[in-house]
Amino acid sequence: MIDELKLIEQLKSPNHKEHAFRELVAKYKERLYWHIRNIVKSHQDADDVLQNTFIKIFKNIHNFKGESKLYSWMYRIATNESITFINKKAKRLQITNEEAQQLAINKLTTDVYFEGDEAQLKLQQAIATLPQKQQLVFNMKYFEDLKYKEMSEILKTSEGALKASYHIAVKKIEEYLTNILNL
Amino acid sequence: MKKYKLKNIKHSGFKTPEGYFETFEATILNQDKIKSSENGFKVPQGYFETIEDTVLNKFNQKKNNIIQLFNRKTVIASLSIAASILLLFNLSIFDKQITFDSLDNETLESFVLNQELESSDIANLIPNTEELSNAGIAESVSDALLENYLLNAEDIEDFLSE
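So the protein lines, in turn, are chains A and B.
Numbering-wise, my numbering comes out as the position in the first sequence, counting from 1, plus 707.
Numbering-wise, my numbering comes out as the position in the second sequence, counting from 1, plus 172.
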């Protein structure tokens, strides 16, 4: 906690900003990358969004009031940037957000940075059928292994609601996979 | 039908290009958008640490100075405007009314000489001579009054000689 406060202080100081930012990137790049990658699916898109996220963090660090933890503030920015990215992509292609997500999943079969087997591909297809908030909750819990408390701070939702959301998501995915794999 | 259990899948299947995370800091720090906030300008060391004191000191100094309600420039400008308005209304440039009293003999004489007036021109100014005779000017002026006027008129001799 002391380290985080010190880091924030340095990020707001013009003389130490760049050095502190380098530390911040080193500390959070992987966690934020996987968070983004689970939302946007392709590496190229995840890379774009991750860079935009860090640029936004760099430019807005002076607005960070310390009301939440730094990591949850950054996760929130990463989440919003990812969703904005999908929305823009859908708008550009003149399709719905769900269709854009489905398109990203379909491309995984030829993606060199996806090494999943059939079951893993089916899981991605199942996730894409969930409402956006449930997708977020599922990815954060299942793949990123975040605690409900952390997720609650990031998504500004109660732990109880998140637990309920996750269990519904798991149930839907299992149903989807059961149906599709028994065909 | 076999029920599928999610816990069989533990990994998403996504991977990254080799060395991606190792070079990411360099990539992000070389971004123009990050660089643009570092636009090459530098500030003196400790500038931001002392800027509050500098500004507050200046602010206090200004507060201690007496602020005059009317400064010299305002007063001069106001007086200039007032004087201009006063002059404008007192100058006779708008006074267009000319009375016979304001005409002196020299002006009248100069006018008659320069305009080369003939007696016929003057006659033309009086279209109906009967009306003039009927106006009873001669009757309204008594002999005593006429004599008195001629005696007091200083320039009568000049007119007679001409």
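Beta carbons: idealized from backbone N, C-alpha and C, even for Gly.
Please report how far the alpha carbon of A:Pro721 lies from the alpha carbon of A:Lys766, in whole angstroms.
Approximately 12 Å, taken between the alpha carbons.
Please state the DSSP three-state secondary structure of B:Asn262.
B:Asn262: helix per DSSP, three-state reduction.
So is B:Ser209 in contact with chain A if we call contact Cβ pairs under 8 Å?
Here B:Ser209 scores only 44 on pLDDT, less than 50, and its place in the model is too uncertain to base an answer on.
7 Å Cβ cut-off: residues of chain B touching A:Arg729
Contact note: A:Arg729 reaches chain B through Glu197, Leu201, using a C-beta cutoff of 7 Å and chain order.
A:Ser779 and A:Glu857 closer than 8 Å at C-beta:
Between A:Ser779 and A:Glu857, the C-beta gap is smaller than 8 Å, which places the two residues in contact.
Let me confirm a value: A:Leu739 is counted as buried when at least 16 other C-beta atoms fall within 10 Å, else exposed. Which label applies?
The residue is buried, with at least 16 neighbouring Cβ atoms inside 10 Å.
Show which residues of chain B have a CB atom less than 8 Å away from the CB atom of A:Phe821.
The contacting residues are Gly185, Phe186, Lys187.
Helix, strand or coil for B:Phe283? Go by DSSP, reduced to three states.
For B:Phe283, the three-state secondary structure derived from DSSP is helix.
How about A:Arg738: is its C-beta nearer than 8 Å to some C-beta of chain B?
Taking a beta-carbon distance threshold of 8 Å, A:Arg738 does not count as an interface residue toward chain B.
Cross-chain neighbours of A:Leu830 in chain B, by beta carbon under 9 Å
Result: Leu178, Ile181, Ser184, Gly185.
CB contact below 8 Å: B:Lys245 versus chain A
Chain A contact via Cβ: absent.
My guess is that A:Thr816 and A:Leu828 are in contact by the Cβ rule of under 8 Å, so how many angstroms apart are they, rounded?
The beta carbons of A:Thr816 and A:Leu828 sit about 7 Å from each other, so the pair counts as a contact at 8 Å.
Taking 8 Å as the CB-CB cut-off, is A:Leu884 touching chain B?
For A:Leu884, the answer is yes, since a Cβ of chain B falls inside 8 Å of its Cβ.
If we define contact as Cβ-Cβ less than 8 Å, is A:Asn767 a contact residue for chain B?
Closer than 8 Å: no.
Closer than 7 Å by C-beta to A:Glu730: which residues in its own chain qualify, once you throw out the five before and the five after it? Chain order, please.
Excluding the 5 residues flanking it on each side, A:Glu730 has same chain C-beta neighbours closer than 7 Å at Leu714, in chain order.
Segment limits, alpha helix (DSSP H) that includes A:Leu853:
Run containing A:Leu853: none; DSSP gives neither H nor E here.
Would you say A:Ile768 and A:Ala833 are within 8 Å of each other, going by their C-beta atoms?
Cβ atoms of A:Ile768 and A:Ala833: not closer than 8 Å.
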